[in-house]
Structure formats: structure tokens, C-alpha cells
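Heads up: the sequence shown is residues 9 to 88, going by this note's numbering.
Just so you know, even glycine gets a beta-carbon here, dropped at the ideal spot from N, CA and C.
Quick caveat, the model's predicted, so the values are computed rather than measured.
Heads up: the structure comes next, in C-alpha cells.
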Amino acid sequence: MEANVLLVSVISARGLYLKGHSTMEALVTVTMHGKSNLRSRAVTEPIHTEGECHWDEHMEFKINDPTAKLVVCAQHKWSE
């Protein structure tokens with residue numbers, strides 16, 4: 009395995025709030041922020057769901073800055 013590589017696994021989400029809708033499309037964005045303006049970003053495949061989703065996706069991020077921050081954001085788009 010290469011040095012300074014962070015392995016991230018996005019497994020699942022549950023209990024997603026539908027706000028009166030019957031379904032939604034859910035995805036996860038994972039971003040590595042460092043001191044420079046460069047960012048590493050990975051996005052899961054969108055999943056059509058009724059509140060539970062399972063991705064089981066794996067991502068790798070090269071860490072060049074020891075103060076870098078990993079930001080994980082769950083996102084959705086309403087389906088009608």
C-alpha cells in the first residue's frame with residue numbers, strides 16, 4: 009500500500025427524512041481540504057430510496073498536507 013493514502017468506505021445511510029415525499033435520490037460527497045486551493049473529491053452513485061440506502065463504495069485520498077480535513081456530506085434530490 010502506498011504511504012500517505014487515506015482509505016474511506018461509504019457503507020450506508022438509514023432513517024433519511026423524506027419530508028412528505030415518498031422517495032428521494034441520495035448520494036454522498038467526500039472532499040479532502042488542505043492548505044492549498046487543490047481539493048480531492050469523490051461522489052457515490054446516486055441511489056433512489058425510501059429512506060434507507062446502501063452504497064458500499066470505497067475511495068482513496070492522497071494526503072499531502074498533515075492538517076488536511078475530510079468533509080463528508082450526504083445530499084439528496086426529491087423524487088415525485
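Just to confirm the assignment, what range does the beta strand (DSSP E) spanning residue i have?
i, result
"Asp64", "61 to 70"
"Thr57", "55 to 57"
Please classify residue i as buried or exposed, where buried requires at least 16 neighbouring CB atoms within 10 angstroms.
i, result
"Cys81", "exposed"
"Ala34", "buried"
"Val38", "buried"
"Ala21", "buried"
Is residue i helix, strand or coil when you go by DSSP?
i, result
"Ser44", "coil"
"Ser20", "strand"
"Ala11", "coil"
"Thr37", "strand"
"Phe76", "With the sequence shown as reference, residue 76 is identified as Ala, and Phe is not the correct amino acid for it. Note: Ala76 maps to coil in three-state DSSP."
Give me the residue from the options with the minimum Cα distance to residue i.
i, options, result
"Gln83", "Phe69, Thr75, Gly59, Glu68", "Gly59"
"Val51", "Val79, Val36, Tyr25, Leu78", "Val36"
"Ile19", "Ile71, Lys85, Glu53, Thr75", "Glu53"
"Ala11", "Ala76, Phe69, Val79", "Phe69"
"Val17", "Met67, Arg47, Lys85", "A small correction: the amino acid at residue 17 is Ser; Val does not occupy that position in the sequence shown. Selected option, being the one with the closest Cα: Met67."
Could you please give me the residues that DSSP links to residue i through a beta bridge?
i, result
"Lys85", "Glu33"
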